[in-house]
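>
There are 4 protein chains.
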Amino acid sequence: MSNATTDYSDLKALYINGSIKKDKTKSHTQVLMNKSAKIMKSQGVDVEHIYLLDHAIAYGMIKDGKEDGQADDWPMIQQKIMAADILVIGSPIWLGVKSSVATLLIERMYAYSGDRNDKGQYLYYGKTGGCIITGNEDGIKHCAMDILYALQHIGYMVPPQADCGWIGEAGSGASYGDTEWDGKKIDPPTGFDNDFTNRNTTFMAWNLMHTARMLKDNGGIPEVGNTTEGWQNVANAKSDNP
Amino acid sequence: MSNATTDYSDLKALYINGSIKKDKTKSHTQVLMNKSAKIMKSQGVDVEHIYLLDHAIAYGMIKDGKEDGQADDWPMIQQKIMAADILVIGSPIWLGVKSSVATLLIERMYAYSGDRNDKGQYLYYGKTGGCIITGNEDGIKHCAMDILYALQHIGYMVPPQADCGWIGEAGSGASYGDTEWDGKKIDPPTGFDNDFTNRNTTFMAWNLMHTARMLKDNGGIPEVGNTTEGWQNVANAKSDNP
Amino acid sequence: MSNATTDYSDLKALYINGSIKKDKTKSHTQVLMNKSAKIMKSQGVDVEHIYLLDHAIAYGMIKDGKEDGQADDWPMIQQKIMAADILVIGSPIWLGVKSSVATLLIERMYAYSGDRNDKGQYLYYGKTGGCIITGNEDGIKHCAMDILYALQHIGYMVPPQADCGWIGEAGSGASYGDTEWDGKKIDPPTGFDNDFTNRNTTFMAWNLMHTARMLKDNGGIPEVGNTTEGWQNVANAKSDNP
Amino acid sequence: MSNATTDYSDLKALYINGSIKKDKTKSHTQVLMNKSAKIMKSQGVDVEHIYLLDHAIAYGMIKDGKEDGQADDWPMIQQKIMAADILVIGSPIWLGVKSSVATLLIERMYAYSGDRNDKGQYLYYGKTGGCIITGNEDGIKHCAMDILYALQHIGYMVPPQADCGWIGEAGSGASYGDTEWDGKKIDPPTGFDNDFTNRNTTFMAWNLMHTARMLKDNGGIPEVGNTTEGWQNVANAKSDNP
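Shown next, in the form of structure tokens:
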């Protein structure tokens, strides 16, 4: 098996980090996101990163907080989301759940869910997404089920094994990518030699590329049975004779 | 918009109901599952239903309970799962979570996760799945995130809006499909005129068919970067120079 | 049965609303929180409300964002939390989960979890808490399990039925307390005549008062086996002969 | 600080293990449950263990499966639950969630939720409970939030830090209590020297004893505002003038 002969260079991927740390250089989740992004870049995918706390993001089920006088960089971010074929959301784990910032990110995306794509489907149809979770407490799967659920519910296709992450043994300790903990040097950095994490991170990156390729080549998802306007005109759950 | 001109008649769908009721005629979830199945049948999909409690299913992270002397119909069900392109899991809601029977179903599928398909990928790669949830208490989304997470984690592709369901207003009351409650006739049956449920049920059925079609035409998911044997030979998260 | 003869007038309760709406007069969750608070006030409990979005709250696992130059009203809120015997967290439901604002609230409380009370126990020992959830989509129980888990994990006692809420039938529709929907008047306001919601709201308010009373009369929870300093000096899970 | 001078010898605790392994000697969760039980026994608490898969338990929202011809040991178990002041539920983690067997256990307890105690409160009022979770994948907190939510919702008081558990670093590996893994001896057994797990296990055991003591001395929870019959006669959420 060799690297794919498929061309992925027309694909765009957006990685958004929902870390709660003001200083992005301290985000452990970013370290794993970078590994994932590197795989995509190696295949020619156009990758962009957003660290959400670098921006002022208003709260609310709103499209643009500036309309009622709030600072709000969201509309610019929404444009990038719409331009991307692949979305990867990163989140740390606190008390077993995804972060406030990752939650805010999903709320703001959801606020556009009344919009339609050019086929009349929900806005995010035709895109694919996944998530990357790290923490030193447990909760990768719980955070992932929450994020992946939201993504598919608003229109994303979720490929197999679309989540990856790293946590340590129960209790406090070094976090992903740490090179020092409790006064001791760690080499390789924490988690870098974890083949479970490395493998899942690899699977996810490739499955997102495969799925984006398939969707793009297919012109998205056929607009039959899945549009607000049209679902009652085909076989449906409401009437026996559409 | 008319019905699809696409041919779905080579697809197989399996609906498995994880109701906890011994008598399957009393399952409200089955009523909504039947509506979903009817849409697929109308497009030529070969649909089969399994009511899990009609069968003896052993507990455990095991492939066949008969090997240690337990009654176990699972291996026959596993064969049907492997033969199906589409899997739809039904579950009632109790205390806000999916049922014990639906949990058992997922555990038994998971027990095969060490197996590989003919491309060397996890066994369930190339298939797509969704879920149908009903209750008179709340929890559709919570049950769905749990089930859909499990499906994608073991290899299923999860299309947009792969969950549907019905619940009533907070508190006890009539359940989906009931024609009588508290001594009063209900016509149409409870939930049948809920356009949110009808629409989501329709979207899900069609998106599962679209995704199964796309996967089948594509020969499944390309086996690059997502096999136990091969992931270290392509761009990956472990080494910088594979 | 009559009103309690017990005196609750030495108790303080704090209600914090994690709504994502800038304008607090539009929060449906607040309407149900007010009903709950009214029960406590009728028994002499000193009740205070905080609408979190009225304040600037910094992100991070930090005690005071002002230390690194951010606007941050949290330290004042933390003081009120510490002064209260009872904490009630309100949250709306978006995509089946609690809000970003409620998540932020819990993160900031968690940032103090290294502190100890005057017995050497985790800071929040001796207090009791619950939650109030509304939405027009489903998810009361899922949001409640998330919030109540966090509360007990950081030291709160969680009484029976410490959650209450209201949701409507699956799909969009009027929200709790609405007096108009889709051009029609609603009287009584949406959900006000829901006896399930009324009963659970009542049970919760009283159980929080009973539990706070019991804890206060008992001087909190005895400091045996539950302090960082002392747990290895009593019967414990580490050594057979402490 | 020394061992408590409080007398706990009139308390009963029931530990129920929801492992999915037929052979209970192979349950890793049982090893940690035994450590917890040992703490309670050292203080004179009368402790009993049930390994649920040692028994035939029928599915359904039913009190006794024998009534419709099924083998069912549940009624005997329900009697033990009712006789116990403290309930501790153990569960392994599979795909990030609690087991099918633990789910079945909670469903069967829930089936009695229409019954009342001798004060007219829900049946389980006056009792306290917690949970113990192990796995080699992550999910302690997610399983715990699910189980503890169910317990408080049906009437249990949940003390601070009522959950404990052990998991290893992300990926497969030795499980709690293993003395050998991948051909190598492990001494002390896996997880035994994890102070996070040891501490939380200790905190939980003591907090359950403290809470059970407090509830028993208090005659349970006062029956004001929390009974089906009486809640409308005191300050409540339904009427302004009860």
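Protein chains in written order, with this note's numbering: chain B, 1 to 242; chain H, 1001 to 1242; chain D, 2001 to 2242; chain C, 3001 to 3242.
Just so it is clear, CB atoms sit at the ideal spot from N, CA and C, and this is done for glycine as well.
Helix, strand or coil for T3223 (chain C)? Go by DSSP, reduced to three states.
Here residue 3223 (chain C) corresponds to residue number 223 of the fourth sequence, with the count starting at 1. For clarity, residue 3223 (chain C) is Glu in the given sequence; the question names Thr instead. DSSP places E3223 (chain C) in coil when its eight states are reduced to three.
> If you check the beta carbons only, do G225 (chain B) and A1205 (chain H) fall under 8 Å apart?
In the first sequence, the residue the question calls residue 225 (chain B) occupies position 225. In the second sequence, the residue the question calls residue 1205 (chain H) occupies position 205. Yes, the Cβ-Cβ distance between G225 (chain B) and A1205 (chain H) is below 8 Å.
> Spatial neighbours of G168 (chain B) within its chain, please: C-beta separation below 7 Å, excluding the five flanking residues on both sides.
Working through the first sequence from its first residue, we reach residue 168 (chain B) at position 168. Once the five neighbours on either side are set aside, the close Cβ partners of G168 (chain B) are N136 and A174.
> List, from N- to C-terminal side, the beta strand (DSSP E) runs of 3 residues or more that fit wholly inside the region 2156–2193 of chain D.
2163–2166
> Quick check on D3007 (chain C): does DSSP put it in helix, strand or coil?
As a first step, residue 3007 (chain C) must be located in the fourth sequence, where it is residue number 7. Reduced to three states, the DSSP call for D3007 (chain C) is coil.
> Just the Cα atoms here: how many angstroms apart are Q3152 (chain C) and L2053 (chain D)?
To locate residue 3152 (chain C), count along the fourth sequence from 1; it is residue 152. To locate residue 2053 (chain D), count along the third sequence from 1; it is residue 53. One alpha carbon belongs to Q3152 (chain C), the other to L2053 (chain D), and they sit about 30 Å apart.
> Hey, would you say V1101 (chain H) sits closer than 8 Å to I1020 (chain H), going by beta carbons?
Walking along the second sequence from the start, residue 1101 (chain H) turns up at place 101. Walking along the second sequence from the start, residue 1020 (chain H) turns up at place 20. Against a cut-off of 8 Å, the Cβ pair of I1020 (chain H) and V1101 (chain H) comes out as a contact.
> Using the three-state DSSP reduction, which class does S3002 (chain C) fall into: helix, strand or coil?
In the fourth sequence, residue 3002 (chain C) corresponds to position 2, counting from 1. Residue confidence for S3002 (chain C) is low, a pLDDT of 43 falling below 50, so the modelled location carries little weight and cannot support an answer.
> Can you name the residues that DSSP bridges to L2087 (chain D)?
Indexing the third sequence from 1 puts residue 2087 (chain D) at position 87. In the DSSP output, where bridge partners are listed per residue, L2087 (chain D) has D:L2014 and D:G2129.
> For R1108 (chain H), which residues in the same chain have their Cβ closer than 7 Å to its Cβ, ignoring the five residues on either side in sequence?
As a working note, residue 1108 (chain H) is residue 108 in the second sequence. Here R1108 (chain H) has I1057 and W1074 as same chain residues with Cβ atoms under 7 Å from its own Cβ, once five neighbours each way along the sequence are excluded.
> Smallest Cα separation from I86 (chain B): which of B:T197, B:P222, B:W166 and B:Y8?
Residue numbering aside, residue 86 (chain B) sits at position 86 when the first sequence is read from its first letter. If we check each option's Cα against that of I86 (chain B), B:Y8 comes out closest.
> Could you check where the alpha helix (DSSP H) with V3031 (chain C) kicks off and where it finishes?
On the fourth sequence, position 31 is the one that residue 3031 (chain C) refers to. That run of the alpha helix (DSSP H) goes H3028 to S3042.
> Would you report the Cα separation of L72 (chain B) and G60 (chain B), rounded to the nearest angstrom?
Position 72 of the first sequence, counting from 1, holds the residue named residue 72 (chain B). Position 60 of the first sequence, counting from 1, holds the residue named residue 60 (chain B). It is worth fixing the name first, because residue 72 (chain B) is Asp in this sequence and not Leu. Distance between the alpha carbons of D72 (chain B) and G60 (chain B) is about 11 Å.
> W3166 (chain C) CB to nearest chain D CB: under 8 Å?
Locating residue 3166 (chain C) in the fourth sequence gives position 166, where the first residue counts as 1. It does not; no Cβ of chain D falls within 8 Å.
> Count Cβ pairs between the region 1230–1240 of chain H and the region 34–52 of chain B that sit closer than 8 Å; are there 3 or more?
yes
> Is the region 140–155 of chain B touching the region 3134–3149 of chain C in the sense that three or more CB pairs, one from each, lie closer than 8 Å?
For the pair of segments examined, the region 3134–3149 of chain C was found to touch the region 140–155 of chain B: the number of CB pairs separated by less than 8 Å reaches three.
> Grouping DSSP H, G and I as helix and E and B as strand, with all else coil, what is Y2149 (chain D)?
Counting from one through the third sequence, the residue named residue 2149 (chain D) turns up at place 149. Y2149 (chain D): helix per DSSP, three-state reduction.
> Along the beta strand (DSSP E) that carries I3106 (chain C), what are the first and last residues, could you check?
Stepping through the fourth sequence from its first residue, residue 3106 (chain C) is reached at position 106. From DSSP, I3106 (chain C) is part of no beta strand (DSSP E) but of the alpha helix (DSSP H) over S3100 to Y3110.
> On a Cα-Cα basis, can you pick out the residue from B:L32, B:D23 and B:I133 that is closest to F192 (chain B)?
One-based indexing of the first sequence puts residue 192 (chain B) at position 192. Checked all of B:L32, B:D23 and B:I133; the closest Cα to F192 (chain B) is B:L32.
> Within 10 Å of its beta-carbon, does A3083 (chain C) have 16 or more other beta-carbons around it, so buried, or fewer, so exposed?
Counting from 1 along the fourth sequence, the entry for residue 3083 (chain C) is found at position 83. With fewer than 16 other Cβ atoms within 10 Å, it is exposed.
> So with CB distances below 7 Å, who are the chain D contacts of P3188 (chain C)?
Residue mapping note: residue 3188 (chain C) aligns to position 188 of the fourth sequence, counting from 1. Going along chain D, no residue has its Cβ under 7 Å from P3188 (chain C), so there is no contact; the nearest lies around 10 Å.
> Kindly list the residues whose CB is nearer than 8 Å to the CB of M2001 (chain D), restricted to its own chain and excluding five residues on each side of it in sequence; keep chain order.
In the third sequence, the residue the question calls residue 2001 (chain D) occupies position 1. Only weak support exists for where M2001 (chain D) lies, its pLDDT of 39 falling under 50; the value from the coordinates is given anyway. Excluding positions up to five away in sequence, the list is empty.
> Rounded to the nearest angstrom, what separates K1238 (chain H) and Y2051 (chain D) at their Cα positions?
Sequence index remark: in the second sequence, residue 1238 (chain H) carries index 238 (1-based). Sequence index remark: in the third sequence, residue 2051 (chain D) carries index 51 (1-based). Distance between the alpha carbons of K1238 (chain H) and Y2051 (chain D) is about 47 Å.
> Counting only beta-carbon atoms, is I1243 (chain H) nearer than 8 Å to chain B?
Beyond the ends of chain H as shown, which are 1001 and 1242, falls residue 1243 (chain H); an answer cannot be given.
> Should G114 (chain B) and V158 (chain B) be called a contact, given that it needs their Cβ atoms to be closer than 8 Å?
Locating residue 114 (chain B) in the first sequence gives position 114, counting from the first residue. Locating residue 158 (chain B) in the first sequence gives position 158, counting from the first residue. Going by C-beta atoms, G114 (chain B) is not nearer than 8 Å to V158 (chain B).
> For Y112 (chain B), which residues of its own chain have a beta-carbon under 7 Å away from its beta-carbon, when the five flanking residues on both sides are left out?
To locate residue 112 (chain B), count along the first sequence from 1; it is residue 112. Excluding sequence neighbours, Y112 (chain B) sits near K63, Q78 and L123.
> Would DSSP call H55 (chain B) helix, strand or coil?
Walking along the first sequence from the start, residue 55 (chain B) turns up at place 55. Coil at H55 (chain B), not helix or strand.
> Under 8 Å, Cβ to Cβ, is there at least one residue of chain B near K1012 (chain H)?
For the purposes of this step, residue 1012 (chain H) is identified with residue 12 of the second sequence, where counting begins at 1. No, K1012 (chain H) lies away from the interface with chain B (no Cβ there is under 8 Å from its Cβ).
> Hey, I1154 (chain H) and S1091 (chain H): beta-carbon distance below 8 Å or not?
On the second sequence, position 154 is the one that residue 1154 (chain H) refers to. On the second sequence, position 91 is the one that residue 1091 (chain H) refers to. Their beta carbons are not under 8 Å apart, which means I1154 (chain H) does not touch S1091 (chain H) by this criterion.
> Per the DSSP calculation, D1046 (chain H) is bridged to which residue(s)?
Locating residue 1046 (chain H) in the second sequence gives position 46, counting from the first residue. Answer by DSSP bridge pairing, in chain order: H:K1012.
> To the nearest angstrom, how far is it from the Cα of N1247 (chain H) to the Cα of T2197 (chain D)?
Residue 1247 (chain H) is absent from the structure shown; chain H starts at 1001 and stops at 1242.
> Who pairs with P2092 (chain D) in a beta bridge, going by DSSP?
Counting from 1 along the third sequence, the entry for residue 2092 (chain D) is found at position 92. Answer by DSSP bridge pairing, in chain order: D:T2134.
> Which one of D:M2076, D:H2028, D:S2027 and D:K2080 has the shortest CA to CA distance from D2046 (chain D)?
Translated into positions along the third sequence, residue 2046 (chain D) becomes position 46. Looking at D:M2076, D:H2028, D:S2027 and D:K2080, the one whose alpha-carbon comes closest to that of D2046 (chain D) is D:K2080.
> Cα-Cα, which of C:A3170, C:D3187, C:K3185 and C:T3211 is closest to P2250 (chain D)?
Any question about residue 2250 (chain D) goes unanswered here, given that chain D covers just 2001 to 2242.
> Measuring straight from C-alpha to C-alpha, what distance separates H259 (chain B) and K66 (chain B)?
Given a span of 1 to 242 for chain B in the structure shown, any question on residue 259 (chain B) remains unanswerable.
> In the region 2051–2069 of chain D, which residues sit with their C-beta less than 7 Å from some C-beta in chain B, listed in chain order?
Listed by position along the chain: L2053, Y2059, G2060, M2061 and D2068.
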